[in-house]
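Residue numbers 317 to 812, in this note's numbering, belong to the letters of the sequence shown in order. Ideal Cβ placement from N, Cα and C applies to all residues, glycine included. Predicted model only: the values in this text are computed from it and were never measured.
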Amino acid sequence: MDTLYIEKAKTLENGEFPHMRNKEKYKDSIKDEKVVENGDTTHDVLSSDGNISESKEERLTTSEILDIRKTKYGPSCMLFFEQAPLRIERGSGQYMFDEEGTRYIDCINNVAHVGHSHPRVTEAAVKQMKQLYTNNRYLHDNLPRLVEKITQTMPTDLSVCYFTNSGSEANDLALQLTRMFRHRHDIITLDNAYHGTVTSLQQINPYKWKQVEKETSDMYRSQWVHVVPAPDSYRGKYRDDEYTMEELTDLYVQEVQHVVDDLRDQGRAPAALILESMQSCGGQIIYPLGYLKGIKRIMDECGGLIIADEVQVGFGRVGDHWWAFQQYGADFVPDIVTIGKPMGNGHPVAAVVTTKEISQSFKLPYFNTYGGNPVSCAIALAVLEVIETDGLMENAKIVGNYLMDQMRELASRHQCIGDVRGRGLFCGMDLVLDRTTREPATELAKYIVGKLRYDGVILSRDGPHENVLKFKPPMCFSKQDVDEVITKIDKLLYEF
317 MDTLYIEKAK TLENGEFPHM RNKEKYKDSI KDEKVVENGD TTHDVLSSDG NISESKEERL
377 TTSEILDIRK TKYGPSCMLF FEQAPLRIER GSGQYMFDEE GTRYIDCINN VAHVGHSHPR
437 VTEAAVKQMK QLYTNNRYLH DNLPRLVEKI TQTMPTDLSV CYFTNSGSEA NDLALQLTRM
497 FRHRHDIITL DNAYHGTVTS LQQINPYKWK QVEKETSDMY RSQWVHVVPA PDSYRGKYRD
557 DEYTMEELTD LYVQEVQHVV DDLRDQGRAP AALILESMQS CGGQIIYPLG YLKGIKRIMD
617 ECGGLIIADE VQVGFGRVGD HWWAFQQYGA DFVPDIVTIG KPMGNGHPVA AVVTTKEISQ
677 SFKLPYFNTY GGNPVSCAIA LAVLEVIETD GLMENAKIVG NYLMDQMREL ASRHQCIGDV
737 RGRGLFCGMD LVLDRTTREP ATELAKYIVG KLRYDGVILS RDGPHENVLK FKPPMCFSKQ
797 DVDEVITKID KLLYEF
């Protein structure tokens with residue numbers, strides 16, 4: 317008898333799922349996970365005929381897990397909290413739980429976009445997996461339905477989709493599309509950018525180059541890649557304590573113009589400029605209004621395209637729009653958009669969205685074994701439905717604004733908070749040793765993140781100096797979660 321294992325998600329003490337509006341409909345379908353006396357975990361076994369029995373699976377000890385990771389798993393694959401890693405057993409909404417049942421507020425998981433273990437997403441996955449899993453070379457309802465849903469959220473010209481497994485695959489495909497469309501190879505990227513893990517993307521990842529020795533980073537650098545300063549108004553090349561916003565916006569735009577001019581002098585021109593719609597690994601950077609319009613004008617004039625990487629910041633996270641690039645004005649429309657991470661709420665699925673003209677120039681037959689399969693499409697459709705029915709974009713706006721207000725109030729009491737920035741549930745707190753010099757307080761950020769780990773909060777730090785506390789939680793994050801986290805940060809800032 318064919319069986320499918322489904323690990324049961326545990327409800328919170330009050331029996332509710334914090335990320336669901338229609339809780340009553342699904343409450344009965346999610347039961348408590350049982351832990352037997354010897355520490356083994358009991359799972360549901362769902363047979364093909366619908367009968368449920370129990371199966372006991374022997375657990376590894378934490379020491380065994382660590383030993384295997386250290387001896388048989390890639391050593392460059394890092395853990396959060398390397399000195400005291402967490403063993404996370406399950407998640408629900410914006411919370412994760414370790415093997416002892418300790419609850420952690422998850423402030424950083426933009427992959428579990430609609431909440432950990434959301435029943436409707438899980439239900440959609442299981443239903444489709446029981447029915448059919450195959451590639452996209454056969455006709456099936458799920459693929460065209462997902463194409464329609466995604467393109468309805470985009471500007472009219474962005475009307476053609478390609479499905480992939482990951483944001484890395486999506487960004488690599490976007491580069492292929494631009495190079496074949498323009499018959500050019502040069503790419504412009506922003507300093508501190510991160511776009512994925514495959515070789516073509518490591519070449520445009522200054523964020524990664526800076527984490528290794530020059531000898532290693534030189535292996536990835538390419539004569540075809542040109543880096544321009546990220547338009548960071550707080551600690552970038554041009555700062556808001558030296559220039560007006562209008563002046564520094566123009567200066568950052570001119571940096572792109574300089575690269576285009578230099579290429580022209582060599583008889584070359586860029587195929588594309590790629591950028592995250594808001595820079596995440598670079599330190600939660602929101603671009604000055606007018607920057608994207610300025611570089612779009614330059615790229616249009618030289619015939620280059622713009623790729624907007626929405627892999628980390630899309631699907632309503634900014635609160636006012638489905639896509640972060642839309643916050644910069646209706647008259648800015650990229651040529652290609654890449655989406656991923658939150659698209660499957662933890663399941664690997666991503667996409668490229670572009671124009672008919674660009675897609676028709678892509679003559680290379682494209683087949684992705686898993687991209688656009690019925691299961692992935694069913695999951696992505698469920699995520700889109702939950703975003704709408706649970707009002708998660710509105711929640712991101714309301715709770716995000718509240719988080720920004722609370723961080724600003726915190727900054728009024730602590731001089732070590734140099735800047736607070738963000739949109740929706742994508743926010744950052746830039747810690748400094750001195751507000752005038754803006755010298756980054758890297759050790760303070762490290763201290764706070766490390767201490768919060770022992771106080772039930774998972775937060776991370778990023779940026780070129782690793783001094784920015786970054787918030788990009790599941791979209792069901794609440795005001796109560798904000799209050800708890802800010803209170804704990806406040807206490808730690810007084811203690812340090």
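On the DSSP letters alone, give me the boundaries of the beta strand (DSSP E) that residue i sits inside.
{"i": "Val748", "result": "Per DSSP, Val748 belongs to no beta strand (DSSP E) and is neither H nor E."}
{"i": "His542", "result": "541-544"}
{"i": "Phe413", "result": "411-414"}
{"i": "His776", "result": "Here residue 776 is Ser; the residue named in the question, His, does not match the sequence. Residues 776-778."}
{"i": "Ile503", "result": "502-506"}
{"i": "Lys786", "result": "784-787"}
Taking all protein chains shown into account, decide if residue i is buried (16 or more other Cβ within 10 angstroms of its Cβ) or exposed.
{"i": "Lys807", "result": "exposed"}
{"i": "Thr505", "result": "buried"}
{"i": "Lys679", "result": "exposed"}
{"i": "His574", "result": "exposed"}
{"i": "Ile384", "result": "exposed"}
{"i": "Val528", "result": "exposed"}
{"i": "Gln539", "result": "exposed"}
{"i": "Phe812", "result": "exposed"}
{"i": "Cys393", "result": "exposed"}
{"i": "Phe683", "result": "exposed"}
{"i": "Glu571", "result": "buried"}
{"i": "Gly390", "result": "exposed"}
{"i": "Thr654", "result": "buried"}
{"i": "Asp750", "result": "exposed"}
What is the rounded straight-line gap between the Cα of residue i and the Cα of residue j?
{"i": "Val691", "j": "Phe631", "result": "19 Å"}
{"i": "Ile520", "j": "Ser593", "result": "15 Å"}
{"i": "Phe793", "j": "Thr803", "result": "16 Å"}
{"i": "Gly552", "j": "Ala441", "result": "44 Å"}
{"i": "Val543", "j": "Pro586", "result": "12 Å"}
{"i": "His456", "j": "Leu719", "result": "42 Å"}
{"i": "Lys657", "j": "Asp556", "result": "32 Å"}
{"i": "Gly583", "j": "Leu493", "result": "22 Å"}
{"i": "Arg754", "j": "Val463", "result": "45 Å"}
{"i": "Lys795", "j": "Ile805", "result": "15 Å"}
{"i": "Phe517", "j": "Asp507", "result": "Here residue 517 is Leu; the residue named in the question, Phe, does not match the sequence. So the alpha carbons of these two residues sit roughly 13 Å apart."}
{"i": "Gln722", "j": "Val798", "result": "8 Å"}
{"i": "Tyr420", "j": "Gly407", "result": "9 Å"}
{"i": "Leu726", "j": "Val748", "result": "14 Å"}
{"i": "Ala640", "j": "Arg633", "result": "8 Å"}
{"i": "Phe396", "j": "Tyr603", "result": "29 Å"}
{"i": "Leu402", "j": "Arg453", "result": "41 Å"}
{"i": "Gly417", "j": "Pro545", "result": "45 Å"}
{"i": "Asp581", "j": "Gly512", "result": "31 Å"}
Could you tell me the boundaries of the alpha helix (DSSP H) in which residue i lies?
{"i": "Thr565", "result": "561-581"}
{"i": "Ala698", "result": "690-705"}
{"i": "Phe497", "result": "483-498"}
{"i": "Lys672", "result": "672-676"}
{"i": "Ile802", "result": "795-811"}
{"i": "Leu517", "result": "515-518"}
{"i": "Asn760", "result": "Checking the sequence shown, residue 760 turns out to be Leu, not Asn. Taken as a continuous stretch (DSSP letters only), the alpha helix (DSSP H) holding Leu760 covers 758-769."}
{"i": "Lys386", "result": "378-388"}
{"i": "Leu608", "result": "607-618"}
{"i": "Ala712", "result": "708-727"}
{"i": "Leu459", "result": "458-468"}
{"i": "Lys524", "result": "522-525"}
I'd like to confirm the pairing. Which residues does DSSP put opposite residue i in its beta bridges?
{"i": "His432", "result": "Gly409"}
{"i": "Leu741", "result": "Paired residue(s): none; Leu741 is not in a bridge."}
{"i": "Thr480", "result": "Ala666"}
{"i": "Asp735", "result": "Asp746"}
{"i": "Ile623", "result": "Ile590, Ile652"}
{"i": "Asp422", "result": "Ile774"}
{"i": "Asn661", "result": "His663"}
{"i": "Gln595", "result": "Ile601"}
{"i": "Ile404", "result": "Asp414"}
Say the cut is 7 Å; is the CB of residue i nearer than that to a heavy atom of the ligand MN?
{"i": "Ala696", "result": "Annotation note on the ligand MN: not contained in the displayed structure, which lists no ligands."}
### Query
How do the stretch 741-753 and the stretch 661-668 stand: do at least 3 beta-carbon pairs fall below 8 Å, yes or no?
no
### contact_flag[the stretch 680-699, the stretch 717-736] where n(CB pairs < 8 Å) is 3 or more
no
### Task
Kindly confirm or deny that the stretch 606-621 and the stretch 640-660 touch, where touching means at least three C-beta pairs closer than 8 Å.
yes
### Query
Within the chosen definition, does the stretch 399-413 reach the stretch 664-683 through at least 3 CB pairs nearer than 8 Å?
no
### Query
Okay, do the stretch 554-573 and the stretch 471-489 touch, 3+ Cβ pairs below 8 Å being the bar?
no
### Query
Taking one C-beta from the stretch 777-790 and one from the stretch 423-434 each time, how about it: are there three or more such pairs within less than 8 Å?
yes
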